[in-house]
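Visitor: The following block contains the structure, expressed as structure tokens.
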Amino acid sequence: MASPHRQAGRTACFAGQVPAASGVRGTWPGCHGGGCCGDQVVAASGAKRRGAGGRARPSAPQHPALAHGRHGVGRPGGVWRTFQRDPEFGPDGRGGDALPELLHGQPPVLPIQGSSAHRTSAHPQRLLYYQWARQERHLGHRPQFHPLKHGFDEWFGSPNCHFGPYDNKARPNIPVYRDQEMVGRFYEEFPINLKTGEANLTQIYLQEALEFIQRQQAAHRPFFLYWAVDATHAPIYASKPFLGTSQRGRYGDAIRELDDSVGRILRLLRDLSIAENTFVFFTSDNGAALISAPRQGGSNGPFLCGKQTTFEGGMREPAIAWWPGHIPAGQVSHQLGSIMDLFTTSLSLAGLEPPRDRAIDGLDLLPAMLQGRLTDRPIFYYRGNTLMAVTLGQYKAHFWTWTNSWEEFKQGIDFCPGQNVSGVTTHSQEEHTKLPLIFHLGRDPGERFPLSVASIEYLDALRRITPVVQQHQEALVPGQPQLNVCNRAVMNWAPPGCEKLGKCLTPPESVPEKCSWPH
204 MASPHRQAGR
214 TACFAGQVPA
224 ASGVRGTWPG
234 CHGGGCCGDQ
244 VVAASGAKRR
254 GAGGRARPSA
264 PQHPALAHGR
274 HGVGRPGGVW
284 RTFQRDPEFG
294 PDGRGGDALP
304 ELLHGQPPVL
314 PIQGSSAHRT
324 SAHPQRLLYY
334 QWARQERHLG
344 HRPQFHPLKH
354 GFDEWFGSPN
364 CHFGPYDNKA
374 RPNIPVYRDQ
384 EMVGRFYEEF
394 PINLKTGEAN
404 LTQIYLQEAL
414 EFIQRQQAAH
424 RPFFLYWAVD
434 ATHAPIYASK
444 PFLGTSQRGR
454 YGDAIRELDD
464 SVGRILRLLR
474 DLSIAENTFV
484 FFTSDNGAAL
494 ISAPRQGGSN
504 GPFLCGKQTT
514 FEGGMREPAI
524 AWWPGHIPAG
534 QVSHQLGSIM
544 DLFTTSLSLA
554 GLEPPRDRAI
564 DGLDLLPAML
574 QGRLTDRPIF
584 YYRGNTLMAV
594 TLGQYKAHFW
604 TWTNSWEEFK
614 QGIDFCPGQN
624 VSGVTTHSQE
634 EHTKLPLIFH
644 LGRDPGERFP
654 LSVASIEYLD
664 ALRRITPVVQ
674 QHQEALVPGQ
684 PQLNVCNRAV
694 MNWAPPGCEK
704 LGKCLTPPES
714 VPEKCSWPH
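Counting from 204, one number per residue, gives the positions in the sequence shown under my numbering.
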């Protein structure tokens, strides 16, 4: 599925019998990870999305956007904010705002009772492999964020990425759960050898997925599978049979294992004779983390910068849709899409209407996939509370430009290595709200040559973009900050089930403090 020498990331696989679906998602895949943005190696049997391509926000906030079909920054009824990058950057100095509904209110996949898509006994079973958020963001390991409280019936995985190892004193190693209880911790019961890069986690996750599909098929139940492995998220790992098998080092080894795993899922669907009833979607959470390259990261090809930025390299993702007998093999779609579209698309696959009790921003992608019909829609790019850019059609307007601070850059933290574009890849927060920088992404996907503000093309593009942005901003409803307070006492010291394993740890004294999100 993925070219082994290219960049890919944590995978989400939606797989299941229609009216169910399955998703495969990769972490930090970058546009050259799944080969979707120009590489002809992959997607021979499905549809690739490229050109205007897929978009996703940085990894943590894109998860609820996928599950809710709602904008990562806000629509009427609430707001999910990306974490605040600088206390003076946002208009109100707040960051990390999030709707309680998005994080721990109504289940994201199952609309509330009384809505047009309320769950019945005929609804599919769901299994979640979910890296819900990152450890250092202090989001996801609290009980109210547990996937089984958000519409999923089974869960095997971790609430955080596989960071570590930790000493279990200053910080606990991150637990791995089966449903409600932990079954071990990373670097302990689930070993990861940072020196060699060897870990068997992808194979463990793969077996869980295969067994889940087999169980649902044996019971004649439609299903929804969300399979999100994180082998390509630093620190990179791969199982022993794949180590040393690529020409891209450990990163390429992890890609090869990911490729093999997705292939085994698809093979099982064929063997069970349910491939033509199963919709599979492969994508990622954000562009390649160039700060980790070349040893721990991939490539964004011609696109500018990487993860942590709102340039194309940070936002474009590979996207492949697979549905034999329905989606024509080998086609390329130029539909501008977003992670949140998968919510609406999944409902459409199940023959359900989106809930009417909230604003839904996700677009149904089935017309684009099945009939080649394109829908003109905007995509908004945020950092913190600030609208950085918007894409409409082939045009992208930047209202602010910023990579990271000079202080970080001088310490060697570079989100755009070798890609200095004067006046664009700035290390100070540059405002362009009165005369935004506008690029034609079809001619200039690398965002290197802004249109002349005196040109007719610039004025025409600005006239199209301005009312769309105004309407978007007028519809936003501010949320309450949810990610501004950090407290080590709420980490994974004593998760449910720890007493059975003798793995309960004593938490430190609760000392809430303001979080620091430096970039």
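Ideal Cβ placement from N, Cα and C applies to all residues, glycine included.
Just so it is clear, the structure is predicted and the values come from calculations on it, not from any experiment.
#1: Since S595 is in the beta strand (DSSP E), which residue starts that stretch and which ends it?
#2: When DSSP builds the beta bridges, which residues end up paired with M385?
#3: Closest to Y580 by C-alpha separation, out of G367, L573, L409, K599, would be which residue?
#4: Three-state secondary structure (DSSP) at K613?
#5: Name the DSSP bridge partner or partners of P715?
#6: Following the continuous alpha helix (DSSP H) through A678, name the residue where it begins and the one where it ends.
#7: For the candidate residues P531, T513, A692, whose alpha-carbon lies nearest to that of Y584?
#8: Just reading off the alpha helix (DSSP H) that Y408 is part of, what are its end residues?
#9: Take L595 as the anchor and find which of S608, L539, T636, L638 has the nearest alpha-carbon.
#10: For S361 and P670, what's the separation of their Cα atoms in angstroms?
#11: Could you give the first and the last residue of the continuous alpha helix (DSSP H) run that contains I468?
#12: Suppose you measure from the CA of C689 to the CA of Q450; what does that come to, to the nearest Å?
#13: Would you call the CB atoms of A517 and N489 closer than 8 angstroms?
#14: Less than 8 angstroms between the CB atoms is what I'm expecting for I468 and L555, so what's the real figure, rounded?
#15: What does DSSP give as the partner residue(s) for R559 in the beta ladder?
#16: Measure the CB-CB distance between E401 and E515 and report whether it falls below 8 angstroms.
#17: Consult DSSP for E479 and reduce its assignment to one of helix, strand or coil.
#18: Check the DSSP bridge columns for R184 and list the partner residues they point to.
#19: Using the C-alpha atoms, what's the distance from A491 back to P497?
#20: Taking one C-beta from the stretch 612-625 and one from the stretch 469-488 each time, how about it: are there three or more such pairs within less than 8 angstroms?
#21: Does DSSP put A524 in a helix, a strand or coil?
#22: Contact check, T636 vs T604 under 8 angstroms by CB: the rounded distance?
#23: When burial is assigned at 16 or more other CB atoms within 10 Å of the CB, is S495 buried or exposed?
#24: Run through the stretch 600-653 for me and flag every whole beta strand (DSSP E) of 3 or more residues, listed as ranges in chain order.
#25: Please name the residue in W430, S487, A441 whose C-alpha comes closest to that of T399.
#26: Quick check on the burial criterion: 16 or more other C-beta atoms within 10 angstroms. Buried or exposed for L638?
#27: Determine whether the beta carbon atoms of F506 and P648 lie at a separation below 8 angstroms.
#28: Starting from F506, follow its DSSP beta bridges and name the residues at the other end.
#29: What does the alpha-carbon distance come out to for the pair G504 and G621?
#30: In chain order, what residues of the same chain lie with their CB nearer than 7 angstroms to the CB of L577, ignoring the 5 residues before and after it?
#31: Mapping DSSP to helix, strand and coil, what is F359?
#32: How far does the alpha helix (DSSP H) with L550 in it reach, from first residue to last?
#33: Would you list the one or two residues that DSSP bridges to F393?
#34: Using only the alpha-carbon positions, how far apart do E634 and H529 sit?
#35: Less than 8 angstroms between the CB atoms is what I'm expecting for R273 and A562, so what's the real figure, rounded?
#36: Any idea which residues DSSP pairs C701 with across the strands?
Guide: Taking the coordinates as given:
#1: The residue you asked about is not Ser; residue 595 is Leu in the sequence shown. Here the beta strand (DSSP E) through L595 covers 589-595.
#2: Within the DSSP secondary-structure output, M385 pairs in a beta bridge with Y380.
#3: Sequence check: residue 580 is Arg here, not Tyr. Selected option, being the one with the closest Cα: K599.
#4: Residue state, collapsed to three classes: helix.
#5: None; P715 has no bridge partner.
#6: 659-678
#7: Closest by alpha carbon: T513.
#8: First-last of the alpha helix (DSSP H) with Y408: 404-421.
#9: L539
#10: 42 angstroms
#11: 452-474
#12: 41 angstroms
#13: Reading off the sequence, residue 517 comes out as Gly, not Ala. Taking 8 angstroms as the cut-off, the beta carbon of G517 is found closer than this to the beta carbon of N489.
#14: With a Cβ gap of about 24 angstroms, I468 and L555 do not count as contacting.
#15: None; R559 has no bridge partner.
#16: Taking 8 angstroms as the Cβ cut-off, E401 and E515 do not qualify as a contacting pair.
#17: helix
#18: The question about residue 184 has no answer, for the chain in this structure spans 204 to 722.
#19: 11 angstroms
#20: Judged by Cβ distances under 8 angstroms, the stretch 612-625 makes no contact with the stretch 469-488, as fewer than three pairs qualify.
#21: DSSP places A524 in the strand class (E or B) of the three-state scheme.
#22: T636 to T604, Cβ: 11 angstroms. No contact.
#23: buried
#24: Fully enclosed beta strand (DSSP E) runs of 3 or longer: 640-643.
#25: A441
#26: Classification for L638: exposed.
#27: yes
#28: Per DSSP, none; premise fails for F506.
#29: 12 angstroms
#30: H537, Q538, A571
#31: strand
#32: 544-552
#33: F389
#34: Answer to the nearest angstrom: the Cα atoms are 46 angstroms apart.
#35: 7 angstroms
#36: BP columns for C701 are empty, so no partner.
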